Every structure is written in structure tokens, then in C-alpha cells.
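**Student:** 1 is the number of the first residue of the sequence shown in the numbering used here; add one for each residue after it. Each residue gets a CB set at the ideal place from its N, CA and C atoms; glycine is no exception. Bear in mind the structure is a predicted one, so any value in this text is a computation, not a measurement. So that we are looking at the same thing, I have put the structure below in C-alpha cells.
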Amino acid sequence: MTSTEHAADDPLVYLNGAMTPLSEAKIPVLDRGFIFGDGIYEVIPVYGRKPFRAEQHLARLFRSLSKVGIANPHDQPQWLQLIGQVSAAHPAEDQLLYLQVTRGVAKRRHAFPQGVTPTVFIMSNAMAPVPPELRRSGVACVSLEDRRWLHCDIKSVSLLGNVLAAQFAAEHEAVESIQFRDGFLTEGASTNVWIVKDSKLAAPLRDNLILEGIRYGLVEEMCAAKGIAFESRPLARAEVFAADEVLLTSASKEVLAVVRLDDQTIGNGVPGPIYEILYESYQAAKKAL
Numbered sequence: 001m002t003s004t005e006h007a008a009d010d011p012l013v014y015l016n017g018a019m020t021p022l023s024e025a026k027i028p029v030l031d032r033g034f035i036f037g038d039g040i041y042e043v044i045p046v047y048g049r050k051p052f053r054a055e056q057h058l059a060r061l062f063r064s065l066s067k068v069g070i071a072n073p074h075d076q077p078q079w080l081q082l083i084g085q086v087s088a089a090h091p092a093e094d095q096l097l098y099l100q101v102t103r104g105v106a107k108r109r110h111a112f113p114q115g116v117t118p119t120v121f122i123m124s125n126a127m128a129p130v131p132p133e134l135r136r137s138g139v140a141c142v143s144l145e146d147r148r149w150l151h152c153d154i155k156s157v158s159l160l161g162n163v164l165a166a167q168f169a170a171e172h173e174a175v176e177s178i179q180f181r182d183g184f185l186t187e188g189a190s191t192n193v194w195i196v197k198d199s200k201l202a203a204p205l206r207d208n209l210i211l212e213g214i215r216y217g218l219v220e221e222m223c224a225a226k227g228i229a230f231e232s233r234p235l236a237r238a239e240v241f242a243a244d245e246v247l248l249t250s251a252s253k254e255v256l257a258v259v260r261l262d263d264q265t266i267g268n269g270v271p272g273p274i275y276e277i278l279y280e281s282y283q284a285a286k287k288a289l
């Protein structure tokens, strides 16, 4: 194994003030992230070693920490310095950087402990881009009733509901589960979902039922720049199945066209014109870093 291969297999990560090989990073079993899922995380794409919309990702991290009452251990410049440090230590130019803050280590009691120090962990992995053939053909998804909790706007490490939704998609040979609550679109297991009808892009409301992806704001900006009408409103299940286009967005998928949902073809069964415009605009935003 070459040194580069070893570095990719066992990269340096940040844990509580120190850089260490991933294989050697350890936390106590009483860390509340392990015991309760009591923590917050973020995933930041890195292109050419430059973090993409890092300020927006950190703003969401700060909001989530505040909503669950975890003291933010760093200010924005300190977070940016740590992000750069971990990214620079990884051999890949394009990465997905993961950071997590838990409430810390304490005796197992449900209520918040006092006087504990948050656990901070940051790692990065090589970006695994969507295969070109899926970009050209579009992807299949399945629908699923959204049975998660009512604070989906918090980017919590308590992801069992999302894990079950992702597994449901995997068992049905689909790329993603598209979820509905009380007959209205919410989001995917790890994506935001958009529909296009008559050249107008629409997305669910930014409320407690979805996690507002960083690409949500970016897509709005791209629509404004390209003259694409956009609206945020409740989207009924029937509207999704009748859409001309359905799109997924996330840090790893960027913008991706859905051409089949359950047993129904979406639109013409191929990626549509709004997808093409938004995907090209996304690539331009990356190059502008």
C-alpha cells in the first residue's frame, strides 16, 4: 500500500483538540452522542480543497446547536480553521467533510448534565460523485410515509428514521425514499425534494418538517439568476406524481433528476430542462470558488 492509499484509508481526523489517525480516534462509551444520539452534525462539500458555502453550513450548525442547548465550542473563524486543517490532511482534492458536536461525556441521565465539555469530531472522505450514467438517465425513487419526529429542522445525529428510510429505498433498488406526511411532500432520507410543473420550480415549506438543505438557498439563487419561477408551499402527493420533473438536492448528490417514482414515470422519463439548467449552474458555482 502506498503512502497516499494509506492516508486515504486511515486519514487524520480532529477529535477534541488533536489531530489523530481515524483508526486511533476514540470516545468514552458514556458520550451522550453514543448513549442518546444527543448531538448535532454537518456535512460540507469540499471542491479543490475549498469548502463550498461553508458559512451557510456553519450558520445551520449554530442554529441546530442553539435549538438543542449545546454550547457552541468555537466561533466561525475557529471552525473554518479546523475545517481547513482536516481538509488539508486528506489526500483527495474533492471531499465530503463531516463534523459532529455532542453534548459531551456524563453519567447516563436523560436531562442535560451540568459542567460538561462538548465532544468535537471532524473527519473527511473523498467525494464519491454521482456516476455519469445516472446523470444522463436520471434515477428511480420510492415513496414512503414520513414517520420521523417533528423537529426535522434540527440536524441531529439521531438519524434512525432516516436510516430506515434509506434502507427502504435500498431494498426496493431505488436511489432515495421520497417521504410524505399526511399526504404532503416533506423530503428524502438525506435530500431535499423539488418538483417542476409548467417550468415553475416548487419546494415544500421551510418549517420543522424538513431540514432546510444548504442547496435550498442556492437553488433559489440560481432560479433568480436564470429567470426560473420559484415558490415554496405545501405540495400534495398527487402534485409530485403529476410533476413534469422531480429533483433531489444534497451535498453529495448536488442536483439529481428523478425519472421514476414507485411504478410511475415522471414527466417524459428523462432528465428535464430545468434540471439541466440547475445542474449547469451548480457546476459554475463550484468553479467560482
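1. If you drop the 5 nearest sequence neighbours on each side, which residues of the same chain put their C-beta closer than 6 Å to that of ARG206?
2. According to DSSP, what are the bridge partners of VAL142?
3. For LYS107, does the count of other Cβ atoms within 10 angstroms reach 16, so buried, or fall short, so exposed?
4. Does the distance from the C-beta atom of THR119 to that of GLY33 stay below 8 Å?
5. Looking at the unbroken alpha helix (DSSP H) that takes in SER250, where does it start and where does it end?
6. Our contact map puts ASN208 next to LEU150 with C-beta atoms below 8 Å; I'd like the distance itself, whole angstroms only.
7. Between PRO129 and VAL255, what straight-line distance do the alpha-carbon atoms span, to the nearest angstrom?
8. Are the beta-carbon atoms belonging to ASP262 and SER143 less than 8 Å from one another?
9. Apart from the five residues just before and just after HIS90, which ones in its own chain have a Cβ nearer than 6 Å to its Cβ?
10. The alpha helix (DSSP H) that contains PHE62, what's its start and end?
11. I'd like the ranges of any alpha helix (DSSP H) spanning at least 4 consecutive residues and lying wholly in the stretch 69-157.
12. When you compare only the Cα positions, how much space is there between PHE230 and SER199?
13. Leaving out the 5 sequence neighbours to the left and right, which residues in its chain are closer than 8 Å to ALA242 when beta-carbon positions are compared?
14. Taking the CB atoms as reference points, tell me whether GLY161 and GLU176 lie closer together than 8 Å.
15. Can you list, in chain order, the residues of its chain with a C-beta nearer than 8 Å to that of PHE184? Leave out the 5 residues immediately preceding and following it.
16. Where does the unbroken alpha helix (DSSP H) through LYS200 begin, and where does it stop?
17. Using 10 angstroms around the beta-carbon of SER103, count the other beta-carbons present and answer buried if the total reaches 16, otherwise exposed.
18. Starting from the Cα of GLY115, find the closest Cα among TYR98, GLY69, ASP75 and ILE122 and give me that residue.
19. Going by alpha carbons, who is nearest to THR317 out of ARG63, SER252 and SER66?
20. What whole-angstrom Cβ distance do LEU82 and ILE44 have, given they're in contact under 8 Å?
21. Identify which residue in SER137, ASP94, ALA165 and PRO132 has its Cα closest to the Cα of LEU289.
22. Between PRO131 and THR249, what straight-line distance do the alpha-carbon atoms span, to the nearest angstrom?
23. With the cut-off set at 8 Å, would you say GLY39 and VAL101 are in Cβ contact?
24. To the nearest angstrom, how far is the alpha carbon of HIS57 from that of THR265?
25. Please check the pair ILE154 and LYS67, which I expect to be a contact at CB under 8 Å, by giving their CB distance rounded to whole angstroms.
26. Is the distance from the Cβ of VAL139 to the Cβ of VAL259 below 8 Å?
27. Which residues in the same chain have their Cβ closer than 7 Å to the Cβ of HIS172, if we skip the five residues on either side of it in sequence?
28. Nearest-angstrom Cα distance between TYR275 and SER156?
29. ALA54: which of ASN72, GLY48 and GLN76 sits nearest, CA to CA?
30. To the nearest angstrom, report how far apart GLU145 and PHE121 are at their CA atoms.
**Tutor:** Answer, in terms of the structure:
1. Along the sequence shown, read from residue 1 onward, the residue named residue 206 stands at position 206. For ARG206, where only same-chain residues beyond five positions count, the Cβ hits under 6 Å are GLU212.
2. Taking the first residue of the sequence shown as 1, we reach residue 142 at position 142. Answer is SER177, bridged to VAL142.
3. Working through the sequence shown from its first residue, we reach residue 107 at position 107. So LYS107 ends up on the exposed side.
4. Counted from its first residue, the sequence shown places residue 119 at position 119. Counted from its first residue, the sequence shown places residue 33 at position 33. Yes.
5. Numbered from its first residue, the sequence shown carries residue 250 at position 250. It is not in any alpha helix (DSSP H) - SER250 instead sits in the beta strand (DSSP E) that spans 245-250.
6. By 1-based counting over the sequence shown, the position of residue 208 is 208. By 1-based counting over the sequence shown, the position of residue 150 is 150. Correct: roughly 6 Å between the Cβ atoms.
7. The count along the sequence shown starts at 1 and reaches residue 129 at position 129. The count along the sequence shown starts at 1 and reaches residue 255 at position 255. For PRO129 and VAL255, the distance between alpha carbons rounds to 11 Å.
8. Taking the sequence shown and counting its residues from 1, one reaches residue 262 at position 262. Taking the sequence shown and counting its residues from 1, one reaches residue 143 at position 143. Yes, they are a contact pair.
9. Position 90 of the sequence shown, counted from the first residue, corresponds to residue 90. Result list for HIS90: PRO11 and SER124, in chain order.
10. As a working note, residue 62 is residue 62 in the sequence shown. First-last of the alpha helix (DSSP H) with PHE62: 54-68.
11. 76-89 and 132-137
12. On the sequence shown, residue 230 is found 230 positions in, with the first residue counted as 1. On the sequence shown, residue 199 is found 199 positions in, with the first residue counted as 1. Rounded to whole angstroms, PHE230 to SER199 spans 9 Å at the Cα level.
13. Taking the sequence shown and counting its residues from 1, one reaches residue 242 at position 242. Same-chain partners within the cutoff: LYS197.
14. Position 161 of the sequence shown, counted from the first residue, corresponds to residue 161. Position 176 of the sequence shown, counted from the first residue, corresponds to residue 176. No, the pair does not count as a contact, with Cβ atoms beyond the cut-off.
15. Working through the sequence shown from its first residue, we reach residue 184 at position 184. For PHE184, where only same-chain residues beyond five positions count, the Cβ hits under 8 Å are PRO204, PRO234, LEU235, ALA236 and ARG237.
16. On the sequence shown, position 200 is the one that residue 200 refers to. Run containing LYS200: none in the alpha helix (DSSP H); it sits in the beta strand (DSSP E), 200-203.
17. For the purposes of this step, residue 103 is taken as residue 103 along the sequence shown, with counting starting at 1. Reading off the sequence shown, one finds Arg at residue 103, where the question assumed Ser. Flag for ARG103 reads buried.
18. Numbered from its first residue, the sequence shown carries residue 115 at position 115. Of the listed residues, the one whose Cα sits closest to GLY115 is GLY69.
19. Residue 317 cannot be examined here, being either before or after the span of the chain that is shown, 1 to 289.
20. Against the sequence shown, residue 82 aligns to sequence position 82. Against the sequence shown, residue 44 aligns to sequence position 44. Wrong, their Cβ atoms sit about 11 Å apart, outside the cutoff.
21. What you label residue 289 is simply residue 289 of the sequence shown in a count that begins at 1. Answer by Cα proximity: ASP94.
22. As a first step, residue 131 must be located in the sequence shown, where it is residue number 131. As a first step, residue 249 must be located in the sequence shown, where it is residue number 249. Spanning the two alpha carbons is a distance of roughly 15 Å.
23. Taking the first residue of the sequence shown as position 1, residue 39 is located at position 39. Taking the first residue of the sequence shown as position 1, residue 101 is located at position 101. In terms of Cβ geometry, GLY39 and VAL101 form a close pair [threshold 8 Å].
24. As a first step, residue 57 is located in the sequence shown; it is residue number 57 there, counting from the start. As a first step, residue 265 is located in the sequence shown; it is residue number 265 there, counting from the start. Straight through space, the alpha carbons of THR265 and HIS57 are spaced by roughly 34 Å.
25. Working through the sequence shown from its first residue, we reach residue 154 at position 154. Working through the sequence shown from its first residue, we reach residue 67 at position 67. About 5 Å separates the two Cβ atoms, so the contact holds.
26. The count along the sequence shown starts at 1 and reaches residue 139 at position 139. The count along the sequence shown starts at 1 and reaches residue 259 at position 259. For VAL139 and VAL259, yes; Cβs fall inside 8 Å.
27. On the sequence shown, residue 172 is found 172 positions in, with the first residue counted as 1. Closer than 7 Å at Cβ, skipping near neighbours: VAL142.
28. Residue numbering aside, residue 275 sits at position 275 when the sequence shown is read from its first letter. Residue numbering aside, residue 156 sits at position 156 when the sequence shown is read from its first letter. The alpha-carbon atoms of TYR275 and SER156 are separated by roughly 29 Å.
29. Taking the first residue of the sequence shown as position 1, residue 54 is located at position 54. The shortest C-alpha separation from ALA54 is found at GLN76.
30. Along the sequence shown, read from residue 1 onward, the residue named residue 145 stands at position 145. Along the sequence shown, read from residue 1 onward, the residue named residue 121 stands at position 121. Distance between the alpha carbons of GLU145 and PHE121: 33 Å.
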